[in-house]
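Taking this note's numbering, the leading residue of the sequence shown gets 1, the next gets one more, and so forth. For reference, the structure is listed below as structure tokens.
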Amino acid sequence: MLYDSHRQRAACRMPVLPVSEKHVWAKQPDRIRRPSISTSRVIIASLVALLLLLSTFRFGFSPFPGSSVAWFKHGTHFTQEHSLEYRANKILSENPLIDGHNDLLISIRVRYKNHVNSPEFKDMFENGGLPQHVDLPRLDEGKSGGAFWSAFVPCPFGNGTDFSDGHYTELVKTTFEQLDLYNRFGQSYPKYFTPSRNSHEAEEAFKQGRLISPAGIEGLHQIGNSVANLRLFHELGAKYATLTWNCHNKYADAAIESSGSTFKSRVATPYWHGLSPAGKDLVKEMNRMGMLVDLAHVSKETMKDVLVGNGDGDWHGSLAPPIFSHSSAYSVCPHPRNVPDDILQYVKQRNSIVMINFNPDFISCVPGNKPSGLPDLYPANVTLNQVVRHIKHIGELIGYDHVGIGTDFDGIESGPTGLEDVSKFPNLVKELLKQGVKDVDVAKIVGRNLLRVWREADEVAARLQAETDPLEDDLKNPWD
Numbered sequence: 001m002l003y004d005s006h007r008q009r010a011a012c013r014m015p016v017l018p019v020s021e022k023h024v025w026a027k028q029p030d031r032i033r034r035p036s037i038s039t040s041r042v043i044i045a046s047l048v049a050l051l052l053l054l055s056t057f058r059f060g061f062s063p064f065p066g067s068s069v070a071w072f073k074h075g076t077h078f079t080q081e082h083s084l085e086y087r088a089n090k091i092l093s094e095n096p097l098i099d100g101h102n103d104l105l106i107s108i109r110v111r112y113k114n115h116v117n118s119p120e121f122k123d124m125f126e127n128g129g130l131p132q133h134v135d136l137p138r139l140d141e142g143k144s145g146g147a148f149w150s151a152f153v154p155c156p157f158g159n160g161t162d163f164s165d166g167h168y169t170e171l172v173k174t175t176f177e178q179l180d181l182y183n184r185f186g187q188s189y190p191k192y193f194t195p196s197r198n199s200h201e202a203e204e205a206f207k208q209g210r211l212i213s214p215a216g217i218e219g220l221h222q223i224g225n226s227v228a229n230l231r232l233f234h235e236l237g238a239k240y241a242t243l244t245w246n247c248h249n250k251y252a253d254a255a256i257e258s259s260g261s262t263f264k265s266r267v268a269t270p271y272w273h274g275l276s277p278a279g280k281d282l283v284k285e286m287n288r289m290g291m292l293v294d295l296a297h298v299s300k301e302t303m304k305d306v307l308v309g310n311g312d313g314d315w316h317g318s319l320a321p322p323i324f325s326h327s328s329a330y331s332v333c334p335h336p337r338n339v340p341d342d343i344l345q346y347v348k349q350r351n352s353i354v355m356i357n358f359n360p361d362f363i364s365c366v367p368g369n370k371p372s373g374l375p376d377l378y379p380a381n382v383t384l385n386q387v388v389r390h391i392k393h394i395g396e397l398i399g400y401d402h403v404g405i406g407t408d409f410d411g412i413e414s415g416p417t418g419l420e421d422v423s424k425f426p427n428l429v430k431e432l433l434k435q436g437v438k439d440v441d442v443a444k445i446v447g448r449n450l451l452r453v454w455r456e457a458d459e460v461a462a463r464l465q466a467e468t469d470p471l472e473d474d475l476k477n478p479w480d
């Protein structure tokens with residue numbers, strides 16, 4: 001137990017019970033003296049009271065019906081709220097809270113044209129007040145352990161299912177620019193960020209008090225149909241690749257399609273019905289490279305194809321467990337971006353992880369009648385408690401080994417009430433504890449699960465690199 005002062009410690013001692021003359025042993029020289037019945041009752045009552053008092057401190061309940069630990073006076077005794085605070089701080093100090101998807105990089109491009117050394121950006125990032133959800137003071141206040149920083153580039157518009165190379169030239173260029181930003185940003189703040197090229201480096205970064213900071217790309221449209229580009233992006237720090245954003249590509253089907261500058265979305269019509277043959281080859285190469293396969297944004301058929309295969313020939317899915325870097329539970333919010341219960345069973349089978357998105361559209365929705373086929377937002381439930389509902393749904397259905405956090409901060413307009421930005425992460429930890437999730441499971445949710453999956457992907461990569469050669473592009477002769 002923790003006490004604030006000697007006075008508090010003394011206040012927790014049992015009071016000395018008064019003893020009347022009839023409780024004093026009478027002089028009985030001819031036989032063994034025994035306590036009277038009244039004295040025995042006092043002793044028993046005292047022991048019961050002591051046990052009740054100790055149980056209150058140890059297990060967090062009050063001996064008085066209808067009350068709580070707060071029956072001790074605030075400020076002088078250990079209250080239930082202090083217990084949650086202590087447990088949450090302990091979890092976050094011993095386990096890295098790793099956000100599976102943060103869009104700070106695209107926010108810097110939009111607002112500051114990637115000028116991370118501009119006085120305006122540096123002042124607000126270092127001292128607080130940066131627009132949206134992330135800056136150094138808030139990362140510190142939220143006890144963040146790190147994030148995958150997304151080098152996001154939107155899909156090409158108007159190409160439909162024409163996946164020819166010419167549609168992607170500008171997207172590849174922009175991806176290189178975003179990964180250059182990622183590296184310059186990290187170099188500007190080496191005391192705070194470390195690129196974390198593998199799971200071991202990630203754990204070492206946390207021990208050193210620095211933020212685990214790999215990058216990710218959000219859709220294989222960004223590689224321009226070139227596995228060579230994918231390998232270069234990996235070398236520049238992208239440690240996962242989402243197979244699609246909101247468009248199909250040469251490799252896989254997406255869940256929804258977005259078009260136009262407003263990103264107007266609708267449920268996507270299947271094209272490949274999962275992975276294409278080229279997509280299966282690319283997933284194998286990602287396994288060999290040690291690049292995490294991310295299933296956020298993909299269609300349900302693609303989810304299954306990557307997790308366990310579709311029964312087609314000798315393809316049985318990814319050799320390393322994939323991740324859903326920023327998706328939620330379909331049963332709680334029926335959006336095609338979320339993961340249905342039958343797919344969650346494959347997530348468990350493959351030792352995978354779903355990292356809960358904080359986007360209001362994906363955490364609080366109800367079936368709608370839109371031509372797009374998408375559900376309606378239900379604003380009343382855009383709350384911290386609703387995020388916990390998603391986490392607990394997955395945890396109770398397939399186990400807390402398979403759930404994490406992927407906020408989408410800086411890629412969404414606003415976060416849920418109680419989780420408005422990265423400074424509010426402790427609120428989530430305390431609410432999980434308050435709702436009965438065990439401390440050891442909360443530690444898994446905030447980061448240990450992701451590290452486990454990442455470590456397994458590293459092990460698969462080491463084996464495949466010893467056994468297989470890299471995938472090579474079939475290139476045309478440029479002089480023909």
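The beta-carbon is built from N, C-alpha and C at its ideal position, and this holds for glycine as well. All of these numbers come straight from a predicted model, not from anything done at the bench.
Whole angstroms are fine: how far does the CA of residue j sit from the CA of residue i?
{"i": "Asn369", "j": "Pro334", "result": "13 Å"}
{"i": "Lys392", "j": "Val354", "result": "12 Å"}
{"i": "Arg337", "j": "Leu136", "result": "30 Å"}
{"i": "Asp165", "j": "Phe176", "result": "17 Å"}
{"i": "Arg58", "j": "Val388", "result": "Note that Arg58 scores 41 on pLDDT, short of 50, meaning its location in the model is unreliable; the coordinates nonetheless yield the value given after this. Approximately 26 Å between the Cα atoms of the pair."}
{"i": "Glu85", "j": "Arg111", "result": "36 Å"}
{"i": "Arg266", "j": "Ser83", "result": "46 Å"}
{"i": "Val306", "j": "Lys438", "result": "31 Å"}
{"i": "Phe324", "j": "Leu292", "result": "10 Å"}
{"i": "Leu130", "j": "Lys304", "result": "39 Å"}
{"i": "Lys476", "j": "Asn225", "result": "13 Å"}
{"i": "Lys444", "j": "Asp474", "result": "42 Å"}
{"i": "Phe362", "j": "Ser327", "result": "7 Å"}
{"i": "Asp294", "j": "Phe193", "result": "23 Å"}
{"i": "Val422", "j": "Asn127", "result": "15 Å"}
{"i": "Tyr482", "j": "Val308", "result": "What the structure shows of the chain is the stretch from 1 to 480, and residue 482 is not part of that stretch, so it cannot be assessed."}
{"i": "Ser352", "j": "Asn114", "result": "34 Å"}
{"i": "Phe185", "j": "Glu120", "result": "15 Å"}
{"i": "Lys280", "j": "Tyr251", "result": "8 Å"}
{"i": "Met124", "j": "Gly100", "result": "24 Å"}
{"i": "Gly311", "j": "Val460", "result": "22 Å"}
{"i": "Val403", "j": "Leu432", "result": "13 Å"}
{"i": "His248", "j": "Tyr271", "result": "8 Å"}
{"i": "Leu220", "j": "Lys300", "result": "17 Å"}
Where does residue i fall in DSSP's three states?
{"i": "Leu510", "result": "This structure does not reach residue 510, given that the chain is present from 1 up to 480, and the question cannot be answered."}
{"i": "Asp135", "result": "coil"}
{"i": "Arg350", "result": "coil"}
{"i": "Trp272", "result": "coil"}
{"i": "Thr302", "result": "helix"}
{"i": "Ala252", "result": "strand"}
{"i": "Glu538", "result": "Limits of the chain in this structure are 1 at one end and 480 at the other, which puts residue 538 out of reach."}
{"i": "Ala205", "result": "helix"}
{"i": "Val422", "result": "helix"}
{"i": "Asp294", "result": "strand"}
{"i": "His101", "result": "strand"}
{"i": "Phe157", "result": "coil"}
{"i": "Leu130", "result": "coil"}
{"i": "Val429", "result": "helix"}
{"i": "Ile323", "result": "strand"}
Would you give the residue range spanned by the beta strand (DSSP E) that residue i belongs to?
{"i": "Ala238", "result": "Ala238 to Thr242"}
{"i": "Val110", "result": "Careful: Val110 lies outside any beta strand (DSSP E), inside the alpha helix (DSSP H) at Leu104 to Tyr112."}
{"i": "Ile217", "result": "Ala215 to Glu218"}
{"i": "Ala147", "result": "Gly146 to Ser150"}
{"i": "Lys392", "result": "Careful: Lys392 lies outside any beta strand (DSSP E), inside the alpha helix (DSSP H) at Leu384 to Ile398."}
{"i": "Lys264", "result": "Lys264 to Val267"}
By the DSSP assignment, the alpha helix (DSSP H) with residue i in it spans what residues?
{"i": "Ser188", "result": "Thr169 to Ser188"}
{"i": "Ala489", "result": "The chain is shown from 1 up to 480; residue 489 falls before or after that span and cannot be answered."}
{"i": "Trp452", "result": "Residue identity differs from the one stated: residue 452 is Arg in this sequence, not Trp. Note, Arg452: alpha helix (DSSP H), Asn449 to Glu467."}
{"i": "Gly279", "result": "Pro277 to Met289"}
{"i": "Val440", "result": "Asp439 to Ala443"}
If we count the other Cβ atoms within 10 Å of its Cβ and call it buried at 16 or more, is residue i buried or exposed?
{"i": "His273", "result": "exposed"}
{"i": "Trp479", "result": "exposed"}
{"i": "Asp341", "result": "exposed"}
{"i": "His234", "result": "buried"}
{"i": "Gly415", "result": "buried"}
{"i": "Asn95", "result": "buried"}
{"i": "Phe329", "result": "A quick correction: the sequence has Ala, not Phe, at residue 329. Ala329 is buried by the Cβ-count criterion."}
{"i": "Asp469", "result": "exposed"}
{"i": "Lys27", "result": "Its pLDDT being 32, under 50, Lys27 is placed unreliably in this model, and the value from its coordinates should be taken loosely. Counting Cβ neighbours within 10 Å, Lys27 comes out exposed, since fewer than 16 surround it."}
{"i": "Arg350", "result": "buried"}
{"i": "Lys173", "result": "exposed"}
{"i": "Ser318", "result": "buried"}
Could you pull the DSSP bridge partners for residue i from this structure?
{"i": "Asp376", "result": "Val366"}
{"i": "Met355", "result": "Gly404"}
{"i": "Cys247", "result": "Trp245"}
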